[in-house]
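Numbering (the working numbering), first residue to last: 14 to 772.
Accompanying notes for the structure given below.
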């Protein structure tokens, strides 16, 4: 893949065919994705009870499911029921709590309140036929109806099947899977996916009294092992079939059963954990220190962690092949096409070049299958125009089972904080324009840089931030220079550590974009056995540019246990890595940079050879018409820019009212926060040296790489980047700065170029 932008002002779409033994004609077939998270335990004799008590705490979010997304129907809570046989607790089509025993359906007849905790329980005595159904809101308001227990008598014996026990779903049917391995366990089809939290589900093989049910409410193991010293004991404890404690094993994809039979449930499609339970006291905000208050799992009907498709095409990568950006191109008989991108990365110690491009795949995963233009209200306000949709946008709007991005919300309105790459990701495609930029964004935007490297004749390797996260400094240290993508916004702590260590040891970093090192990301360790980097996680906390906000007490990642949110509020300044940090964004038009007096400093003047002091830098481009746009970074020593950083060019004074200061940079709303007046609404091109002959050059704009292909690379943006890359990729340390040129500056010195340009 060379260039993925179809803009007629640029070189156009460019691909280069590769000879491969996988090339050929294949028979197509239909495989589908079964979206929605749930848990299940395969059929066991212990579940074949005569009498029972079922109970759990629930926090439903869509008691009446939305027909726009899914077939309007019942939602399973705790079920061993299929096709009119078995038993289970449900929320029915009317939004009422419902108990099913074979074909009998008993309901409270009272709608359940959404986004509120409720205790629900039901018992059945096989000898007397007595049924009792409880629905008890945790908070009762003054005008709420009194929900009395529903008592009735039925004549039936439970008809047991081989259906699994399901949490947050129920079994539709069991049979052969006609579309490949698309369900778990094989051949079992789950439906009725529940939206909301569940806490402490229990199954007991007796119809308990209300007092005994109260004893069972707690999350503790009921007195069966020495490590537990609370809960019911004696005869009552011997009646437990299963007692799932979701607080146990939060970092796993298993729902732990602390009952006597250890009937652990497999969790499918990675529901959200590390969430506050019914008993959260609001005193501990880190789940690791109050685990029993984090006994809730939030299930969603559109979660997906793996498409579970069978492979039709496989390719063994040859040993002798260049490290580059590749894609599997699919073309149908009637002319439709698709591209599945991937990157071939050299083994550590067998690098092919002195230059490495670090592909920001974590950020690609954050934006994977983004729905914001279709689902967010007021998208026009972001972009000052009517958003133009791509075919991918329209398809994804109708097919929530492909999963959303971390910028989206689930069908129940809760934020999506997990993203998997084991699914078709239609936004990571060439020829795709994002609605914010109305131009390439993320993957296709980074192909602007790839085109430039190819056109200029550079030899380079590609690596990914996933590789850097898992391999650390070893992945970087054999390169003279690391080049970032245009928008490496989402990053792991291990990646930041590796980059910092690399630059401190004399490595050189070319930061080609903006809004980098902004959000804290982690890889979910439970999926490392499948393949590293499969599922990424991010929590949006109290600040930062965000399309949703995590609930109080739910800021810590379920996979690693680390605090989410912004790196800035983890004490890892955005500015300390590249010398600049993100301050503003706007999505109407881009502008250009002008040189500042700092660009004449002998420490950096070499970068501007061939560029006159007065000429605009990048007053052209394929992203907004200029090189300075979309999102922009500036130099600020008070936020972590090294004190010797040089701000060598700025876009100050040229942005429109669509460009606004980021919210973390001000305390309260006021007039004058836009690009027409505020001095921090700008971009700064910056340079600083690092120890042992290293350095960093930051170009501080997401739109910047979009100017590189202009006029086939014959332009002053290209000249600037080439000057920097030639110097940074050379062997040996960077030449030391002249003694008289070394300056240590304060805040006022950094503001002066921008203020002067504004004036």
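For glycine and all other residues, C-beta sits at the position ideal for the given N, C-alpha and C.
### Cβ-based burial, residue 676 [other Cβ within 10 Å; buried from 16]
Exposed is the call here.
### Task
Starting from the Cα of residue 715, find the closest Cα among 438, 497 and 106 and give me that residue.
Minimum Cα distance to residue 715 is reached at 497.
#### Entry: Limits of the unbroken alpha helix (DSSP H) element including residue 468
Per DSSP, residue 468 belongs to the alpha helix (DSSP H) from 456-469.
### Query
Straight-line CA distance for residue 559 to residue 310?
It is roughly 23 Å from the alpha-carbon of residue 559 to the alpha-carbon of residue 310.
### Task
Using alpha carbons as the reference points, say which of 353, 608 and 474 lies closest to residue 627.
When each option's Cα is compared against that of residue 627, the closest is 608.
### Message
Going by DSSP, what residue range makes up the beta strand (DSSP E) through residue 215?
### Response
Where residue 215 is concerned, the enclosing beta strand (DSSP E) stretches over 209-217.
### Counterpart residues of residue 98 in DSSP-defined beta bridges
DSSP lists 95 as partners of residue 98.
### Message
Using only the alpha-carbon positions, how far apart do residue 709 and residue 543 sit?
### Response
Our two residues, residue 709 and residue 543, have alpha carbons roughly 36 Å apart in a direct line.
### Message
At the level of alpha carbons, what is the spacing between residue 537 and residue 262?
### Response
C-alpha separation (whole angstroms): 13 Å.
### Task
Decide yes or no for the touch test of the region 201-210 against the region 167-186: beta carbon pairs closer than 8 Å, at least 3 of them.
The region 201-210 is in contact with the region 167-186.
### Query
What separation, rounded to the nearest whole angstrom, lies between the Cα atoms of residue 625 and residue 736?
Put simply, the backbone Cα of residue 625 is about 14 Å away from that of residue 736.
### Query
In whole angstroms, what is the alpha-carbon distance linking residue 127 and residue 359?
Spanning the two alpha carbons is a distance of roughly 51 Å.
### Query
Between which two residues does the beta strand (DSSP E) carrying residue 539 extend?
DSSP places residue 539 in no beta strand (DSSP E); its state is neither H nor E.
#### Entry: Residue ranges of each alpha helix (DSSP H) within the region 328-396, 4 or longer
Whole alpha helix (DSSP H) segments, 4+ residues: 374-379, 385-388 and 392-396.
### Close-in-space but distant-in-sequence residues of the same chain around residue 517 (CB under 8 Å, 5 per side omitted)
Cβ neighbours of residue 517 within its own chain (closer than 8 Å, five residues either side excluded): 703, 704, 705 and 707.
#### Entry: Length of the line joining the Cα atoms of residue 386 and residue 173
Approximately 47 Å between the Cα atoms of the pair.
### Query
Excluding sequence positions up to five away, which residues of its chain have a Cβ less than 6 Å from the Cβ of residue 467?
The beta carbon of residue 467 lies closer than 6 Å to those of 15 in the same chain, with the five residues before and after it left out.
### Query
Applying the criterion that 16 or more other CB atoms from any shown protein chain within 10 Å of the CB defines a buried residue, is residue 382 buried or exposed?
Burial call: buried.
### Message
Going by DSSP in three states, residue 690 sits in which element: helix, strand or coil?
### Response
The answer is coil: DSSP assigns residue 690 none of H, G, I, E or B.
### Query
What span of residues does the beta strand (DSSP E) with residue 529 cover, start to end?
First-last for residue 529: undefined, no H or E at that position.
### Query
What three-state label does DSSP hand residue 242 in the structure shown?
Because residue 242 carries a pLDDT of 41, less than 50, the predicted location of this residue cannot be relied on, and the following value inherits that uncertainty. Assigned with DSSP and collapsed to three states, residue 242 falls in coil, not helix or strand.
### Query
Can you find at least 3 beta carbon pairs, one from the region 720-728 and one from the region 628-641, that sit closer than 8 Å?
A contact exists between the region 720-728 and the region 628-641.
### Message
Please give the ranges of any beta strand (DSSP E) in the region 108-157, keeping only runs that are unbroken, at least 3 residues long and fully inside the region.
### Response
Scanning the region 108-157 from its first residue to its last, the whole beta strand (DSSP E) runs of 3-plus residues come out as 109-114, 117-124, 131-137 and 143-150.
### Task
Assign residue 579 to buried or exposed, taking buried as 16 or more other Cβ atoms, counted over all protein chains shown, within 10 Å of its Cβ.
Around the beta carbon of residue 579, a 10 Å sphere encloses 16 or more other beta carbons of the protein chains shown; the residue is thus reported as buried.
#### Entry: Range covered by the alpha helix (DSSP H) that runs through residue 445
Run containing residue 445: none; DSSP gives neither H nor E here.
### Task
Let me know the secondary structure DSSP gives residue 73 once reduced to three states.
The answer is strand: DSSP assigns residue 73 an E or B state.
### Query
Within this structure, are the beta carbons of residue 370 and residue 62 separated by less than 9 Å?
Their beta carbons are not under 9 Å apart, which means residue 370 does not touch residue 62 by this criterion.
### Task
List the endpoints of the continuous alpha helix (DSSP H) containing residue 404.
Bounds of the alpha helix (DSSP H) holding residue 404 are 404-411.
### Task
Could you spell out where the beta strand (DSSP E) holding residue 507 opens and where it closes?
Note, residue 507: premise wrong, no beta strand (DSSP E); alpha helix (DSSP H) at 506-517.
### Per-residue burial, residue 555 [other beta carbons within 10 Å of its own, 16 or more giving buried]
Within a 10 Å sphere around the beta-carbon of residue 555 sit fewer than 16 other beta-carbons, which makes this residue exposed.
### Query
In whole angstroms, what separates the C-alpha of residue 306 from that of residue 292?
The straight-line gap from Cα to Cα measures roughly 6 Å.
### Query
What's the C-alpha gap between residue 139 and residue 110?
Each residue's CA atom was taken as its position, placing residue 139 and residue 110 some 21 Å apart.
### Query
Buried or exposed: residue 256, going by 16 or more other Cβ atoms within 10 Å of its Cβ?
Around the beta carbon of residue 256, 16 or more other beta carbons sit within 10 angstroms, so the residue counts as buried.
### Message
At the level of alpha carbons, what is the spacing between residue 22 and residue 731?
### Response
When only Cα atoms are considered, residue 22 and residue 731 end up about 16 Å apart.
### Message
If I measure Cβ to Cβ from residue 501 and keep anything under 6 Å in the same chain, skipping five residues before and after, which residues do I get?
### Response
Result list for residue 501: 373, 376 and 529, in chain order.
### Message
Please tell me whether residue 774 and residue 612 are closer than 9 Å, where the distance is taken between their beta carbons.
### Response
Outside the shown range of the chain, which is 14 to 772, sits residue 774, and nothing can be said about it.
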